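Trainee: Below is a structure I'd like to ask you about.
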Amino acid sequence: MRYLLDTNAVIGVLRGRSRSLLARYITVPRVRICTCSPVRAELFYGSQRSANAQAAMAFRQGAAKAADRSSSAVTTACMQ
C-alpha cells in the first residue's frame, strides 16, 4: 500500500501536532510515502511566505535533499 500525503498531513508530520499521524508516519517505510507536485509546490510557497526565515530556509534545504534522494520509480509508482 502507498500513502499519498496531502499538504495538511505533511505539515502535521513536520510540526508533530498529531501523535497518531506521527506514529503512523514513523512505522511506514519511506518508499511507501509520497506526495504529489501540487503538495510540494504548496509547501514551498508556504515556506517562502513564512515569518520565520530560518525555519523556511531549513525546510527548503531539507525538501531539496529529500527530493534528491527520492527515486523516479517511487514517484512513478505513487502516480499509478
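Residue numbers (the numbering used here): 1091 to 1170.
Glycine included, each C-beta is placed from N, C-alpha and C at the ideal position.
The structure displayed is predicted, hence computed values, not measured ones.
#1: For my contact list, Leu1112 and Val1103 are in at a C-beta cut-off of 8 Å; report their separation, rounded to the angstrom.
#2: Once you ignore the five residues that flank Gly1106 on each side, which residues in its own chain have a CB closer than 6 Å to its CB?
#3: Are the CB atoms of Arg1122 and Met1091 nearer to each other than 8 Å?
#4: Would you call Val1118 buried or exposed, if buried means 16 or more other Cβ atoms sit within 10 Å of its Cβ?
#5: What would DSSP say about Leu1095, mapped onto helix, strand or coil?
#6: What are the partner residues of Ile1123, as DSSP defines its beta bridges?
#7: For Arg1139 and Arg1109, I'd like the C-alpha separation in whole angstroms.
Mentor: On the basis of the supplied data:
#1: If you number the sequence shown from 1, residue 1112 lands on position 22. If you number the sequence shown from 1, residue 1103 lands on position 13. Sure, about 6 Å apart at Cβ, within 8 Å.
#2: Here residue 1106 corresponds to residue number 16 of the sequence shown, with the count starting at 1. Apart from sequence neighbours up to five positions away, the residues of its chain that approach Gly1106 with a beta-carbon distance below 6 Å are Leu1112, ordered along the chain.
#3: For the purposes of this step, residue 1122 is identified with residue 32 of the sequence shown, where counting begins at 1. For the purposes of this step, residue 1091 is identified with residue 1 of the sequence shown, where counting begins at 1. Yes. Within cutoff.
#4: Residue mapping note: residue 1118 aligns to position 28 of the sequence shown, counting from 1. So Val1118 counts as exposed.
#5: Mapped onto the sequence shown, residue 1095 falls at position 5. Three-state result, Leu1095: coil.
#6: Residue mapping note: residue 1123 aligns to position 33 of the sequence shown, counting from 1. Beta-bridge pairing links Ile1123 to Tyr1093.
#7: The count along the sequence shown starts at 1 and reaches residue 1139 at position 49. The count along the sequence shown starts at 1 and reaches residue 1109 at position 19. Spanning the two alpha carbons is a distance of roughly 27 Å.
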